[in-house]
Amino acid sequence: MLRVNVVAIVIALLAGCTMAKRPMPGPVLPAPDPVVQQRPSGPLPLSTRPTYNLAGYPKAAQEGYVDGCETAKQSAYGFKDKKRYAADMQYRMGWDDGLSICRGTR
Numbered sequence: 037m038l039r040v041n042v043v044a045i046v047i048a049l050l051a052g053c054t055m056a057k058r059p060m061p062g063p064v065l066p067a068p069d070p071v072v073q074q075r076p077s078g079p080l081p082l083s084t085r086p087t088y089n090l091a092g093y094p095k096a097a098q099e100g101y102v103d104g105c106e107t108a109k110q111s112a113y114g115f116k117d118k119k120r121y122a123a124d125m126q127y128r129m130g131w132d133d134g135l136s137i138c139r140g141t142r
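The numbering of the sequence shown is our numbering, which starts it at 37 and goes up by one.
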């Protein structure tokens, strides 16, 4: 009986040492060139803009914050309306705040 147990243990140990066949990797193909998409000029439509909870702030400050924050994140939504930034104090404040607050949150 001891001999049978020893033989069974040896067979189990040897079976654990066998190599399973791994499938051969296929040829490495170069990645297709990404389609370069140009962002349309001007602010994006409201339906595509990211949302932030900015309740209580003026609309211009909210829009500036989103533009500044997305610019800091270097996302496709980043935008600075230069004319509005120069003329609208609320937009400028929101843009500057969004840029400075979101700068480290990539």
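Cβ coordinates follow ideal geometry from the N, Cα and C atoms, glycine included.
Just to confirm, is the Cβ distance from residue i to residue j under 8 Å?
i, j, result
"Asp103", "Asp124", "no"
"Glu106", "Gly114", "yes"
"Cys138", "Lys119", "no"
"Gln126", "Ala91", "no"
Along the chain, where does the alpha helix (DSSP H) that runs through residue i open and close?
i, result
"Asp133", "125–138"
"Leu98", "In the sequence as displayed, the identity of residue 98 is Gln instead of Leu. Note, Gln98: alpha helix (DSSP H), 95–108."
On the CB-based measure, 16 or more other CB atoms within 10 Å of its CB, does residue i come out buried or exposed?
i, result
"Ala112", "exposed"
"Gly134", "buried"
"Arg128", "buried"
"Gln98", "buried"
"Gly130", "buried"
Hey, does residue i have any beta-carbon neighbour from chain C nearer than 8 Å?
i, result
"Pro59", "Within the model displayed, chain C is absent; a lone protein chain is all it includes."
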